[in-house]
């Protein structure tokens, strides 16, 4: 149930048989078992961590070991595990994640920050593939500012890792208390006065 339906090479399992008018006079020709291909849908964090995962092929269950950091589109070959007895090739497909987005070897996230904190700066929690980390947001940060966490991205073939790019998105309360409304009004008046100088 984790991957799409099987298809033999060129869309179906192929077996060659002789017949009337065929060069082998109706005798069955022995061919190598057909290779089958299927899609293996994998959660992004599961692909990052790697490790064993179970899949069902026909009426049997197989355990596949995902390499750590397996990339979207990578192909895994399971020798002799196709229904015909040939090799089964699984093409990995990353499932969308609500927090992380891959950009080649970099990971992108969005960090929602209250507007007052963005103005004065301070600590913010940023999600990474290895868990949340705390960063210091510089004062005067606006929406769209990108913070780079070096070495927190996707694993590379050489053993290093890409970076994580955290994009700041400012938030304001949907509803304000009377005190909050008064403070925001004071801030607006201060900004208006500063702009008119």
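In the working numbering, the protein residues as written are 4 to 200. Heads up, the beta-carbon is just placed ideally off N, CA and C, and yes, glycines get one too. Keep in mind it's a predicted model, so treat the numbers as computed, not measured.
Rounded C-beta distance between residue i and residue j? I'm assuming under 8 Å.
| i | j | result |
| --- | --- | --- |
| residue 92 | residue 78 | 5 Å |
| residue 147 | residue 166 | Residue 147 to residue 166, Cβ: 18 Å. No contact. |
| residue 69 | residue 50 | 6 Å |
| residue 98 | residue 45 | 7 Å |
| residue 156 | residue 108 | 5 Å |
| residue 100 | residue 47 | 4 Å |
Who are the Cβ neighbours of residue i in its own chain at under 7 Å, not counting the five residues just before and after it?
| i | result |
| --- | --- |
| residue 158 | 71, 72, 164 |
| residue 128 | 135, 137 |
Taking the alpha-carbon positions, what's the residue i to residue j distance?
| i | j | result |
| --- | --- | --- |
| residue 143 | residue 42 | 46 Å |
| residue 150 | residue 171 | 8 Å |
| residue 218 | residue 110 | Residue 218 cannot be examined here, being either before or after the span of the chain that is shown, 4 to 200. |
| residue 117 | residue 169 | 15 Å |
| residue 85 | residue 39 | 6 Å |
| residue 130 | residue 138 | 10 Å |
| residue 95 | residue 133 | 22 Å |
| residue 104 | residue 184 | 36 Å |
| residue 196 | residue 181 | 23 Å |
Determine the DSSP secondary structure at residue i, reduced to helix, strand or coil.
| i | result |
| --- | --- |
| residue 39 | strand |
| residue 160 | coil |
| residue 177 | coil |
| residue 152 | strand |
| residue 130 | coil |
| residue 141 | coil |
| residue 101 | coil |
| residue 185 | helix |
| residue 193 | helix |
Ordered along the chain, which non-local residues of its own chain (more than five positions away) have a Cβ less than 8 Å from that of residue i?
| i | result |
| --- | --- |
| residue 145 | 121, 171, 173 |
| residue 179 | 187 |
| residue 126 | 137, 138, 139, 140 |
Excluding sequence positions up to five away, which residues of its chain have a Cβ less than 6 Å from the Cβ of residue i?
| i | result |
| --- | --- |
| residue 124 | 140, 141, 142 |
| residue 115 | 172, 174 |
Residue ranges of each beta strand (DSSP E) within the segment 47-95, 3 or longer: Counting only runs of 3+ residues, the beta strand (DSSP E) found wholly inside the segment 47-95 occupies 54-60, 63-69, 78-81, in chain order.
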